[in-house]
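Chains as they are written, first to last, in the working numbering: chain A, 1 to 392; chain B, 1 to 332.
Where is the CB? At the ideal position from N, CA and C, for every residue including glycine.
Here's the structure we're looking at; comments come further down.
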């Protein structure tokens with residue numbers, strides 16, 4: 001058995017020396033694809049995970065559209081907020097049609113014939129199929145002050161000259177419901193955001209203090225949270241909003257209500273912040289920051305909070321709907337916002353009695369945007385929560 | 001355990017004291033009091049108020065003393081079971097509210113039972129059939145219940161119930177039983193009217209409960225002991241009921257504390273719409289007219305109910321879940 005037998009010599013590999021510089025980490029190198037994945041920031045990872053959650057993305061898109069709409073409410077609404085149509089009181093919704101007598105006319109509505117039923121004293125509106133009223137687009141209609149600053153009269157869609165376009169019907173003063181719903185979004189959608197910001201601020205501050213310092217501050221905050229939580233929310237809201245002076249202007253009442261909503265809502269967030277901080281302050285990086293002389297404020301805000309900010313945002317998203325519903329309920333009871341401020345709750349206040357359900361069911365339509373927004377926030381919040389969870 | 005109960009009861013006392021102080025502050029905060037508003041209204045309609053009687057009542061109920069003394073009188077009255085005097089109804093609060101508190105209690109308990117009965121099977125079903133179409137549709141239904149403002153649901157149901165079942169509109173019983181002493185027929189009438197408020201108030205709570213039960217059960221079902229049980233050939237039903245289900249039952253008990261304020265809140269709005277003889281409508285009018293003892297006692301009663309509810313749920317939780325240790329101080 002010798003090493004230089006003919007067979008072994010034939011199979012021996014030729015002597016090979018690589019002239020490339022030696023790189024001990026070569027086998028650990030990542031493809032650009034992998035690098036992108038492993039070096040992604042926390043927020044980027046969250047976005048990737050969220051993107052897989054179809055429903056959450058759709059909900060997010062819907063919310064963005066709705067929130068964008070409040071920027072240009074005046075332009076989107078076919079009528080002004082307070083334009084009254086005395087000849088058209090409690091008009092049922094007018095449908096949009098495309099074809100008349102087999103011919104394409106484009107979007108149009110049929111006009112109404114009005115008759116007062118002398119027996120029941122009920123207004124009866126009958127569709128008149130001869131009155132074809134094509135809609136106009138990008139047209140001049142009711143005048144408005146855009147955000148109260150610039151005068152204008154351009155609308156996305158208007159009725160035909162001398163025609164009407166009440167897509168969602170009208171209310172007891174002959175005001176167009178669609179326009180009022182569009183304007184109402186401004187108040188109803190922002191109230192949740194402002195409220196949650198207040199709740200966020202209080203929750204972060206108090207929860208942060210309790211979690212970071214522990215000891216008596218912790219037990220004080222804990223008791224406070226327990227006490228606030230043991231009040232039934234709505235009666236407390238009712239009591240607090242009954243305090244708001246009647247003499248306040250509607251705008252101040254609006255801020256008052258958001259502050260009340262925020263003041264009651266922070267407890268859940270405060271608890272979450274506290275328990276997270278209790279665990280995190282024992283981590284090495286917190287100790288290191290402390291040894292380097294960072295102030296408690298800096299340690300909490302700069303080092304501790306970012307590690308669970310995504311989580312907080314998800315839970316905040318989930319508590320916006322309850323605020324929107326809360327405002328709706330308060331305004332419905334007449335304790336929240338009052339006309340002339342128009343929110344969805346204020347609109348629903350008109351649908352308070354059983355007659356409306358029986359005779360003018362379209363006055364309940366503002367509930368549909370409420371449901372859509374609440375559902376969207378819930379789905380988005382669920383998606384965000386899953387995306388923020390590193391263990392999925 | 002006994003020690004724990006005693007300690008919890010002792011902690012409840014300062015909590016209730018603080019709650020009563022907060023309530024009193026809230027009630028006292030609006031400027032003026034019931035009598036100034038009352039005299040104003042009378043004067044506006046051109047009538048003369050009985051100033052002598054008002055002066056007597058002001059004197060009797062210490063309206064001119066400093067606020068902290070008024071608070072002291074109120075709380076010491078509460079501690080002795082004296083709820084104060086309703087100026088609007090001109091009767092002691094306990095007489096005004098007696099039946100209403102009972103009905104509020106009945107509606108709340110019925111709602112919680114309803115929530116459990118409905119959400120339990122649905123939660124288990126949608127967890128065991130995850131991502132099936134029935135799971136999706138049930139979840140969606142739950143979300144819908146969460147998103148619909150319940151006062152509107154109440155209004156629509158009321159209308160439908162009247163049209164299709166001929167139930168009298170509003171109220172918790174047939175009108176002829178009002179102000180009657182309790183009898184079998186009255187109780188039955190209450191029962192037949194109870195379902196609308198219970199359904200309406202329960203709708204949102206049920207949705208939340210279903211979601212929590214589903215999430216908990218899903219977490220449990222992924223654990224290794226379930227896999228082991230299955231691998232050893234335990235029948236699927238037993239492998240579900242024996243341990244995972246028991247573990248995921250915690251929210252049912254633990255959430256009484258969270259559910260109760262929710263139910264009472266819901267009841268407050270819904271009962272205004274349905275004009276139920278519960279506390280909601282009366283609280284609303286008392287708040288508006290600054291009838292302070294009436295409003296204060298209502299609020300206090302609701303908070304009291306919640307504190308008791310949380311206490312009971314903690315006890316039940318400890319009894320149900322052996323992992324929860326009550327004695328032995330801090331865990332950390």
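In this structure the region 138-152 of chain B does not touch the region 232-246 of chain B; the number of beta carbon pairs closer than 8 Å is below three.
Not flagged as an interface residue toward chain B: residue 286 of chain A, since no C-beta distance is shorter than 7 Å. If you check the CB distance, residue 203 of chain B and residue 145 of chain B come in under 7 Å. DSSP, read as helix, strand or coil, puts residue 121 of chain B in helix. Within the region 358-377 of chain A, those residues whose Cβ lies closer than 7 Å to any Cβ of chain B are, in chain order, 358, 364, 367, 370, 371, 374 and 375.
For the pair of segments examined, the region 157-172 of chain A was found not to touch the region 214-230 of chain A: the number of CB pairs separated by less than 8 Å stays below three. For residue 381 of chain A, same chain residues with a beta-carbon under 7 Å away, outside a window of 5 residues either side, are 314, 317 and 318 in chain order. Residue-level contact by beta carbon holds for residue 302 of chain B and chain A, with a gap shorter than 7 Å. Ranked by Cα distance from residue 294 of chain B, the first of B:25, B:92, B:68 and B:136 is B:92. Where residue 87 of chain B is concerned, there is no enclosing beta strand (DSSP E), because DSSP gives it neither an H nor an E. Contact check for residue 277 of chain A and residue 212 of chain A: beta-carbon distance about 5 Å, within the 8 Å limit, so the pair qualifies. At the C-beta level, residue 8 of chain B and residue 311 of chain B come within 7 Å of one another. Cα atoms of residue 303 of chain A and residue 349 of chain A: separation of roughly 47 Å, rounded to the nearest angstrom. Here residue 232 of chain B carries a coil assignment [DSSP, helix/strand/coil]. Put simply, the backbone Cα of residue 374 of chain A is about 34 Å away from that of residue 16 of chain B.
Here residue 311 of chain A is not bridged, per DSSP, to any residue.
In the displayed model, residue 23 of chain A falls within coil according to three-state DSSP, outside both helix and strand. With a contact defined as Cβ atoms closer than 8 Å, residue 217 of chain B and residue 245 of chain B qualify at about 7 Å. The CB of residue 328 of chain A comes closer than 7 Å to the CB of 149 in chain B, given here in chain order.
Close CB contacts of residue 281 of chain B within its chain, under the 8 Å cut and outside five residues either way in sequence, are with 271, 272 and 275 (chain order).
Between residue 286 of chain B and residue 19 of chain B, the C-beta spacing is not below 7 Å. For residue 210 of chain B, the closest alpha carbon among the candidates B:240, B:250, B:313 and B:184 is that of B:250. Taking a Cβ-Cβ threshold of 7 Å, the residues of chain B close to residue 234 of chain A are 265, 268 and 269, in chain order. Sequence-distant Cβ neighbours of residue 67 of chain A in its own chain, meaning closer than 7 Å and more than five residues away, are 189. Using a 10 angstroms sphere on the CB of residue 116 of chain B, the tally of other CB atoms reaches 16 or more, which defines it as buried. Look at residue 185 of chain A: its C-beta is not under 7 Å from any C-beta on chain B. Counting only Cβ-Cβ distances below 7 Å, residue 19 of chain B has contacts in chain A at 227 and 230, in chain order. Residue 205 of chain B is positioned such that its CB atom lies closer than 7 Å to that of residue 262 of chain B. By the CB criterion at 7 Å, residue 79 of chain A and residue 179 of chain A fall inside the cutoff. Taking a beta-carbon distance threshold of 7 Å, residue 354 of chain A counts as an interface residue toward chain B. The beta carbon of residue 307 of chain B falls within 7 Å of a beta carbon belonging to chain A, placing the residue at that interface. Excluding the 5 residues flanking it on each side, residue 131 of chain A has same chain C-beta neighbours closer than 7 Å at 110 and 111, in chain order. Judged by their CB atoms, residue 196 of chain B and residue 161 of chain B are nearer to each other than the 7 Å cut-off. Using a Cβ-Cβ cut-off of 9 Å, residue 240 of chain A is close to 26 and 29 of chain B, given in chain order. In terms of CA proximity to residue 292 of chain B, B:85 leads the group B:85, B:141 and B:51.
For residue 353 of chain A, there is no enclosing alpha helix (DSSP H), as DSSP marks it with neither H nor E.
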